[in-house]
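Heads up: the structure comes next, in structure tokens.
In our numbering, the protein residues as written are 1 to 404.
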């Protein structure tokens, strides 16, 4: 080949073979159109629902919301909507659909596993850009594809209700058991406080402590006054005077009373608590020496009663809330919010016959151009002769031998 090949050369070749190109294009398009008409029609049914709220009280979202799992541990796929998508893609729903729609017969397969795999290949479950949850099922029957798409959502609703009810029942039983334990603990704490009060004569610890301290202070003041008077009597009357003896006796009695207030009169079993004892007399006055110890013990037992009382009240409130939620979940008709139910589509989703014919025509044009250029190149080499022509003949000879 001499000289450079320009675009005009290519254009000339194409125009010279325009009949071949046109016939090839028309023939391929006709064949593609016939094939596309022979292909079975497929239809796609699509159902959409609203995603569950972040604080949904019932169903899977509510059950997970109660778990002490930080949100960051769930990752970006830990929202209630993603949980719904995961349930829709679960094997449980796929098996239920295979059984209820007899898909092993429809898909002409012998195992349930293959039917499930085929169903999943024909199903698209996703979150749309608008935030909705979409279920699309493709099938040869427009009625069946719509029914399958709706059945996905209905099974999700059924599973959601079932889990919600079982979770509410389990929670109610758990709270009921916790309340019984708290009531038993409250009763034990009340009995322990009552036994402590009876054991040490505690009626009102604060008032009794104030009373005994006030009485001890008054006795101490009286003793000091009597001792001052005694010193005066000793100076004026002498140690043998009857008034002096009487005054000494009064001081001794008051000191004994003060000592009894300090020590208190407690039963013998109080020794185990480290409190001084006097088994002869019962007294409402608490021993001053033991007031700190008694106060701490009384405070501990009183706090136990208050804590368990508050726990019983809290659990009673939670139990009532759970009972109401359980009644609502059993009375609930649906846990999903439908946006669009799938309807039998009037238009097929595939095959796209126009696209098939268009791509077939484009392929025929490309093939025709390539074929024309190849043939012209081979003819040009033959005309020029030389080494390239010999190589070309050898190649063609090899192909002829293989055909033969």
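Every residue gets a Cβ at the ideal spot worked out from N, C-alpha and C, and that includes glycine.
Boundaries (first-last residue) of the beta strand (DSSP E) holding residue 18
First-last for residue 18: 18-38, but that is the alpha helix (DSSP H), not the beta strand (DSSP E).
Starting from residue 124, follow the beta strand (DSSP E) in both directions and report where the run begins and ends.
123-127
Per-residue DSSP class, three states only, for residue 47
strand
What three-state label does DSSP hand residue 248 in the structure shown?
helix
Just verifying my parser: in three-state terms, what is the DSSP assignment at residue 12?
DSSP places residue 12 in helix when its eight states are reduced to three.
Cα-Cα, which of 84, 121, 359 is closest to residue 131?
Looking at the Cα atoms, 84 is the closest of the given residues.
Residue nearest to residue 133 in terms of C-alpha spacing, selected from 165, 317, 47, 179:
47
Whole-angstrom Cβ separation of residue 42 and residue 348, contact assumed at under 8 Å?
Beta-carbon to beta-carbon, residue 42 and residue 348 are separated by about 6 Å, close enough to satisfy the 8 Å threshold.
Residue 336 lies in the beta strand (DSSP E); which residues open and close that run?
Segment: none, residue 336 is in no beta strand (DSSP E) and carries neither H nor E.
Whose C-beta lies closer than 6 Å to the C-beta of residue 20 among residues of the same chain, with five residues either side of it excluded?
none
Given the structure, does residue 192 come close to the ligand NAD, in the sense that its CB is under 7 Å from one of the ligand's heavy atoms?
As far as ligands go, the structure on display features none, and thus does not contain the ligand NAD.
To which residues does DSSP link residue 139 through a beta bridge?
43
Kindly identify the DSSP beta-bridge partner or partners of residue 350.
42
Rounded distance between the beta-carbons of residue 153 and residue 30, thought under 8 Å
Residue 30 to residue 153, Cβ: 44 Å. No contact.
Does the region 115-130 come into contact with the region 81-97, if we say contact requires no fewer than three beta-carbon pairs (one atom in each stretch) closer than 8 Å?
yes
Need the endpoints of the alpha helix (DSSP H) that residue 100 sits in, please.
91-100
Which residue from 368, 323, 102 puts its Cα closest to that of residue 169?
323
Beta-carbon within less than 8 Å of residue 340's beta-carbon, same chain only, minus the 5 sequence neighbours each way: which residues are those?
46, 47, 48
For residue 319, which residues of its own chain have a beta-carbon under 8 Å away from its beta-carbon, when the five flanking residues on both sides are left out?
172, 175, 176, 179
Here's the rule: buried if 16 or more other CB atoms are within 10 angstroms of the residue's CB, otherwise exposed. What is residue 128?
exposed
CA-CA distance, residue 126 and residue 88?
10 Å
Can you tell me where the alpha helix (DSSP H) with residue 105 in it begins and where it stops?
That run of the alpha helix (DSSP H) goes 103-106.
Is it buried or exposed, residue 374, if we count other Cβ atoms within 10 angstroms and call 16 or more buried?
exposed
Give me the Cα-Cα distance between residue 183 and residue 308, rounded to the nearest whole angstrom.
Roughly 7 Å separates the two Cα atoms.
Less than 8 Å between the beta carbons of residue 36 and residue 357, yes or no?
With a cutoff of 8 Å on beta-carbon distance, residue 36 and residue 357 are scored as near each other.
Within this structure, are the beta carbons of residue 335 and residue 161 separated by less than 8 Å?
yes
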